[in-house]
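The structure appears below as structure tokens.
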Amino acid sequence: MARDIKTELKTLELMAGMHCRARHGGAPLCPACRELLAEAARRLERCPRDPKPSCRRCPANCWPPDLRARMREIMRYSGPRLPLRHPLLALKHYLKDF
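Be aware that the sequence shown starts at 0, since it is given in numbering that gives the first Met the number 0, and climbs by one per residue.
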């Protein structure tokens, strides 16, 4: 796994954890969030694009609509809060889109 994908996966883990703690009330990830994170890891590993764009900007929609909506919910909640908890990781995450 490339270093960039490891960083992206770590960011996703942190964002899913923030969302799950706030919305589902558990310290470890609930089964639904854990399953979504595992699916995200599989898709990151299998992404044919090099360099990998953010999924939002990718021309190929490889996520089914239901999983995509759940991931957007996590991003929408955790995105604004990420710089407060993990500023350097947030900076990398936001700069990757440019």
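All C-beta atoms, glycine included, are put in the ideal place defined by N, C-alpha and C.
Just to confirm the assignment, what range does the alpha helix (DSSP H) spanning residue 92 have? Following the DSSP letters along the chain, one finds residue 92 inside the alpha helix (DSSP H) bounded by residues 86 to 94.
Over what stretch of residues does the alpha helix (DSSP H) that includes residue 53 continue unbroken? Looking at the DSSP string, residue 53 is not in any alpha helix (DSSP H), and its letter there is neither H nor E.
I'd like to check one pair, residue 28 with residue 19: are the Cβ atoms closer than 8 angstroms? yes
Measuring straight from C-alpha to C-alpha, what distance separates residue 42 and residue 6? 15 angstroms
Buried or exposed: residue 57, going by 16 or more other Cβ atoms within 10 Å of its Cβ? exposed
Assuming residue 85 and residue 13 are in contact, meaning their beta carbons sit under 8 angstroms apart, how far apart are those beta carbons, in whole angstroms? Contact between residue 85 and residue 13 holds, with the beta-carbon distance rounding to 6 angstroms and staying under 8 angstroms.
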